[in-house]
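Enquirer:
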Amino acid sequence: MSFISLRDVHKHYGVGEGEIRAADGVSFDVEKGELAIIVGPSGSGKTTMLNLLGGMDVCDSGVIEFDGRRVDSFTRRQLIEYRRRDVGFVFQFYNLISGLTARENVELAAQLSPDAVSADEILAEVGLAGRLENFPAQLSGGEQQRVAIARALAGRPKLLLCDEPTGALDYETGKLVLALLQETCRREKMTIIIVTHNSAITPIADRVIRMRSGRVQEVLLNPDPAPVGSLEW
Amino acid sequence: MKAFTKIVFRQVRNSLSRYLSIFAIIALGVGFFAGVRATAPDMTDSADAYYDSVRLADFRLLSTWGFSEQDVTALRQSLEEQGRDAELFTSQFSDLIVELGQNETVVSRVFSWSADQQYNVPTLKLGRLPESPDECLINYSPYAEDDIGCTVTLISDGDGEPDGFARTEYTIVGAVVSPLFISATEYGSTNIGDGSISRFLLLPAENFTADYYTELYIIYPELTSLSSYSDEYDALAEEICGELETISETLAYDRYSVEVASAESELADGERELADGRAELAENLEELESGRAELADAADTLAQAKAKIDDGQAELDASRSTLEQSRETLEQGGAALDEGEQALAAAQDELDSSRAQLESARSELDAGQAEYAAGLAQYQSGAEALSSAKEALQSGESEYSAGLSAYNTALAQYEQAVAVYGEAALAEQKAELDAAAVLLTQMREQLDSSREQIEANQAELDAAAAQLDAAKTELDSGEAEYAAGLKQYQSGVDALAARTEELAAKRAEWQSGMDQLADGERQLDQAQSALESARQEYEDGLAEYNNNLAAFEDGEKQAADAQLELENAQTELENGRQELAELEPPEWLVYDRNENPAYSEYNDNADRIRNIAKVFPVFFLAVAALVSLTTMTRMVDEERTQTGTLLALGYTNAHIVLKNMVYALSATLFGSVIGIVIGFQLFPRIIIACYGIMYSTGSALAPFRWSIALPSILAALGVVAVTVFGACYTDTRTLPATLMRPKSPPAGKRVLLERVGVLWRRLDFTSKVSVRNIARYKKRMIMTIVGVAGCTALMVAGFGLRDSISGIITTQYEKVWLYDALVVLDGGEDAVPDVVSAATAADPGAQSLAAFQKTCTAFGEEDSIEVSLLVAENCDIDPFIDLHERISDEKYSLPTSGDGAVITEKLAHMTGVKVGDRLRIGSSTGDDFEVTVTAIVENYISHYIYMSRECYETATGETFEPNCMLLNYTLDEDPESTLAENLLSDGALAVSLSRSMRSALDDVLGVFSIIIMVLIVSAGLLAFVVLYNLTNINITERIREIATLKVLGFYDREVSMYIFRENIVLTVAGSLIGLVLGWMLAMFVIETTEIDSIMFGRDISVLSYILSAGLTCLFSLAVSLAMHRRLRNVSMTESLKSVE
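Sequences listed follow chains A and B, in order. 11 is the number of the first residue of the first sequence in the numbering used here; add one for each residue after it. 42 is the number of the first residue of the second sequence in the numbering used here; add one for each residue after it.
Here it is in structure tokens:
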């Protein structure tokens, strides 16, 4: 049994004419410690996958298993606890609380988990030891994203979900963020799933899941992922 | 433009809740603003309509002398000359103590009433109008139903039985409200009973029998056409009042002159009459004097006459008694004579019978003689015959011897008689004797012849002789007897004759005596009759004298009476003159409607509402403006991109502003209109209805007032327009490109608090976050705080007002007035023991204090205030009325020396008097006096001046005489009412129980509570809307942040708390500020709404603060709960969206 396993997951939005089949029988697995990338164009259903995997939404049918638990049948509260304990999020637009400093943003997540890492430590890990007291507005996009990653990691989640983590970043910064993610995956043996439309970054992943129109087109296993530095896009 | 219009419409549809929130807050704000503003004019207009409909008189005239028919005519004349249209009405009234039903005795003002009354028309509330003169109407009260059917008895007008009424008993047939008594509870004051009028009665006018009117009412149509309470009305009324005063002065003086003149002439008449009377009296006295002399003379004459008569009488009497004696003697003599005569007659008779006897004896003797002779003859014959003659002779011899001896005897006798009577007189006897001698001789012869016969016939003759002898002896004895008898007779006859002669002489003598006596008597009788006529004359004279005397005495008495009468008349005249000298010209008092305290009080109340309308609604409007500002700012922010796009597409700034203006102003317009339509009806009607409990001013009018509506709408539109413009201003200054980029969220900043490391470190993380967030959204923070503070302040003001009002009753009755009943004594001091015994009978532990209570006027620097003066019999007032300072609670006692008095707080405040100052007090019955204020005490209801008996007497110079008593006892409601009934039946004119007074006051002040509840509810509603709106904005503004938190795994509660913690902090902060603001607002409102006769409390209870803050928090919580649901449903996918 895989760490994460999706079987025939369906998710429809809207009804009648305007019905959108965001997930139309999606099945795939992700193993523990893997860096997986779900890639596809806009409207392929990759964000829906992120929502379903992150417990932000529930599927209409199908099975979603996480570490042996059926996420698809979680209650609202179980879903919250799932998000709280097991999943970390990195958003495309960072979604930092602007009124809080970098450290406070991390602490905001850290306080939710009993075995959280200290904010200072994790921020140091993401290379922001010197910017602890800065407010998001005082940080660059990359720095903000790193704070976001730190925030996501602070609770020591079993799964890190990243939504277009480089989408709002310039090339260099994006690469730095990706490198951080890859490094984290390796070092912490953390399962990371990155959702992106940018195929260029797929080489760094252990597993690449290509989606189109709500279906999984192909799943590629990459036994030897490339280092981030080698990427070009 | 079509698309643009569509955008506007869609904008509304898409953000309906925002649109509605603007609509709601504006409706609330403007509705409240306009409604409360309209209340005061509505109040006065309703009252004006009522006054016009019942024709409340504009002026009331009183005169110290009452109005005579001439006065009224003169006034009518003057009013015509005044050149104004005026209607004059005459009326009667009197303040009386009346008995209602069985045992309720109340002070009542009694008015004349007629069915066609054209002024101050009463409005029938219950029952019917009187149909006969013995029916009446009573004031309407909640208990009026019980009054109807009761009998009302007019008992007293303070001095005794009321006069001037055709009857004193009436049946109540209906209950009315009268425009003269606008206040439903206070009917003004009077100078009888306890000084306050508690009921009014309308009696059919014909029951008033006085020949003057006690009051006049005037209605000016030109005033009627003006609105009561308006400045125009006041100005014109003042002008007319001045004119009326001038007229009154003239007429009053005219009346005075007329009265004085008539009094003068009356006095002159009186004096003339007096003089005449005096002259007459003098004349009469003179006549009396002469009468007296005459009488004295008459008395003398009479006395003399009397003496003379008496003398005459005495003489007469003496004469008469002499006569009487004579008569008696005569009569005795007469009687003796009669007796003598009788004896004579008897002797005659005897003599006659003797004669008859003698004669019969004679004849017998003769016969015997004859017989004897015959016998003798026989014998002799016999003697002759034979022999017996001797014998006969012998016998004759013896006889002869006997006869001779007899003869001798007789001769001796004769000789004796001759010796006595003479021979002449005894011729007969001589003859007889001679005869006898003859006889004897014969006999001698016979005897000698007979001797022979006798001897011859001795035997026979002896017998015959014996017989003859016997017969002879017999005869002889008979003869002797006879002779003796004859002799006796003869002597008797002689004696008789002598006696008869004697008697005849005596009788003649007597007769002359008798004649003399008769003569004397006749004379006496004449004298007597003369005396009698003299006496009669005297009696007549005496009677006349007595008559004259009586007449004289009568005359004297009359004269004395006349004297007295004249003296009385003199005194009367002097008094009259004195009175006339002292007579003040009558004073005609002209009162406008303000004389009626409730009339102006009602306006004061309207003013109070007007004052409230100046503060409260402005608050509402301000809060509404603030809320719409935030809402619009938020909207403009949200539509930043669209704005940018539109600008980029070539729409002008004006369009953008217009779009938002249309959005906001349409919401504002609709809200204003709806708010005004509802507000104009709701607030005035509620508030007027509330005042309706206290004031009878007819039904409420709530017209649509453009003068308030238009400015309100325009103000709302203006304020909102400014806020919209302000909100758009930044955008319109920004380049479209910038607009199209997401607006960078406000940068986080260090807050001041962080610099206070000690504190900051102590805060837990979430608190820090909250503090940061609060600091970050400053505008919203201020908005929330201001909004919440405003609402809290409104509520505090509302609750505070309620506290200050409701608290006063509790404090007044539990901390100040400790007595349980106030008893108005029936008959002053004498009734005290009755009351005491009744009270102790009901509760042995009952305490009592006799006191004197009077309604007075205290003169302040500007105002004069009606106060109750309460004078305690002794200083032991503590158990009944607690005199203490409000704040320090320091106890005071009544001063007992000098002219010290304790006065109540508001009185001190209104008159500007402080401890140690002097206060002038006036009363309707006595002179003004001054007291020294020694203490100022807590008191809320009415104004009081408390004095001890000693100080009162010192200050006024009057003697303390209790007219009421305060009672303290422990009784439940039922025994208490029994006690009240007992008191009323004995000793009390009226009993007011604190318990019932308190509940009555509770009712009255309950009115305020309702108004206040309206305020509180409105404020609460506002608080709710504000909080809802602000929270709503808060959430909308931070939806991404919320979604992010949810994605991070915040529980629903944690998410809500993340947001609400700020709300809580802001609400709490706002509330705290609101509490302070509220206190200030409350103080302002209390001062502006306070009624003169009542001091509102200045203490707002902690509970009110807690309630206000608590309610605000509760609204906040309610809003939070509503928002919690919304937060729960915030989609996490929002977190993934790009910033718009």
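Every residue gets a Cβ at the ideal spot worked out from N, C-alpha and C, and that includes glycine. From a predicted model like this one, the values you see are computed outputs, not experimental measurements.
(1) Starting from the C-beta of PRO725 of chain B, find all residues in its chain whose C-beta is less than 6 Å away, skip the five residues before and the five after it, and write them out in chain order.
(2) Name the chain B residues that come within less than 7 Å of THR176 of chain A, Cβ to Cβ?
(3) Determine the direct distance from the alpha carbon of CYS992 of chain B to that of GLY939 of chain B, and round the result to whole angstroms.
(4) Can you tell me the Cα-Cα spacing of GLU1181 of chain B and THR682 of chain B, whole angstroms?
(5) Among the residues of its own chain, which have a CB less than 7 Å from the CB of PHE99 of chain A, if the five just before and after it don't count?
(6) In or out: TYR294 of chain B buried (at least 16 other Cβ within 10 Å) or exposed?
(7) Assuming SER1161 of chain B is part of the alpha helix (DSSP H), what are its boundary residues?
(8) What alpha helix (DSSP H) runs, 4 residues minimum, are completely inside the region 962-1049 of chain B?
(9) Measure the alpha-carbon distance for GLU620 of chain B versus ASP317 of chain B and round it to whole angstroms.
(10) When you compare the CB of LYS1087 of chain B with every CB in chain A, is at least one pair closer than 9 Å?
(11) Along chain B, in chain order, which residues have C-beta atoms closer than 7 Å to that of MET66 of chain A?
(12) Tell me the rounded alpha-carbon separation between LEU385 of chain B and GLY374 of chain B.
(13) Between the Cα of GLU486 of chain B and those of B:GLN470, B:TYR441, B:ASP1093 and B:ASN1023, spot the shortest distance and give me the residue it belongs to.
(14) Does any residue of chain A have a CB that is nearer than 9 Å to the CB of LEU1056 of chain B?
(15) Could you name the residues of the region 31-45 of chain A whose beta carbon sits closer than 8 Å to any beta carbon of chain B, in the order they occur along the chain?
(16) Rounded to whole angstroms, what's the CA-CA distance from THR201 of chain A to ALA46 of chain A? Just pull it up for me.
(17) Between the C-alpha atoms of SER56 of chain B and ILE1057 of chain B, what's the straight-line distance to the nearest angstrom?
(18) Mind reading off the beta-carbon distance from ALA757 of chain B to THR709 of chain B? Whole number of angstroms is fine, and I expect it under 8 Å.
(19) Straight-line CA distance for ALA536 of chain B to GLN508 of chain B?
(20) Using the Cβ count rule (16 or more neighbours within 10 Å means buried), how would you classify ARG51 of chain B?
(21) Tell me where the alpha helix (DSSP H) around TRP1120 of chain B begins and ends.
(22) For ALA348 of chain B, tell me which candidate among B:TYR579, B:GLU305 and B:LEU474 has the shortest Cα-Cα distance.
(23) Under 9 Å between the Cβ atoms of GLY184 of chain A and GLY152 of chain A?
(24) Using a C-beta cutoff of 9 Å, does GLN121 of chain A count as contacting chain B?
(25) So the alpha helix (DSSP H) LYS932 of chain B belongs to, where does it begin and stop?
(26) Whole beta strand (DSSP E) runs in the region 81-143 of chain B with 3 or more residues, listed along the chain?
(27) Would LEU110 of chain A pass as an interface residue toward chain B - the criterion being a Cβ-Cβ separation below 9 Å?
(28) Residues of the region 715-730 of chain B with a CB closer than 9 Å to any CB of chain A: list them in chain order, please.
(29) Give, in chain order, every residue of the region 195-213 of chain A whose Cβ lies closer than 9 Å to some Cβ of chain B.
(30) Measuring straight from C-alpha to C-alpha, what distance separates ASN1004 of chain B and ILE1147 of chain B?
(31) Take GLU365 of chain B as the anchor and find which of B:ARG101, B:GLY70, B:LEU835 and B:GLY554 has the nearest alpha-carbon.
(32) For THR881 of chain B, name the three-state secondary structure that DSSP assigns.
(33) As an exercise, report each continuous beta strand (DSSP E) stretch of at least 3 residues that is fully enclosed by the region 608-662 of chain B, in chain order.
(34) Starting from ASN180 of chain B, trace the beta strand (DSSP E) both ways and give me its first and last residue.
(35) Between which two residues does the alpha helix (DSSP H) carrying LYS955 of chain B extend?
(36) At a CB distance below 7 Å, what residues from the region 1054-1084 of chain B approach chain A? Give them in sequence order.
Expert: Here's the rundown:
(1) ALA79, THR80, ASP83 and ALA743
(2) Per Cβ cutoff of 7 Å: no residues; THR176 of chain A is ~14 Å from chain B at best.
(3) 6 Å
(4) In this prediction, GLU1181 of chain B scores a pLDDT of 44, lower than 50, which makes its location untrustworthy; the coordinate-derived value is nonetheless stated afterwards. Using only the alpha carbons, I get a separation of about 7 Å.
(5) GLY64, ALA162 and LEU171
(6) exposed
(7) 1143-1169
(8) 990-997 and 1014-1026
(9) 23 Å
(10) yes
(11) VAL1088, MET1173 and THR1174
(12) 15 Å
(13) B:TYR441
(14) no
(15) none
(16) 8 Å
(17) 30 Å
(18) 5 Å
(19) 39 Å
(20) exposed
(21) 1093-1130
(22) B:TYR579
(23) yes
(24) yes
(25) Note, LYS932 of chain B: premise wrong, no alpha helix (DSSP H); not H, not E.
(26) 100-108, 128-132 and 134-141
(27) yes
(28) none
(29) none
(30) 47 Å
(31) B:GLY554
(32) helix
(33) 629-633
(34) 176-180
(35) Element bounds for LYS955 of chain B: n/a, residue is neither H nor E.
(36) ARG1081 and GLU1082
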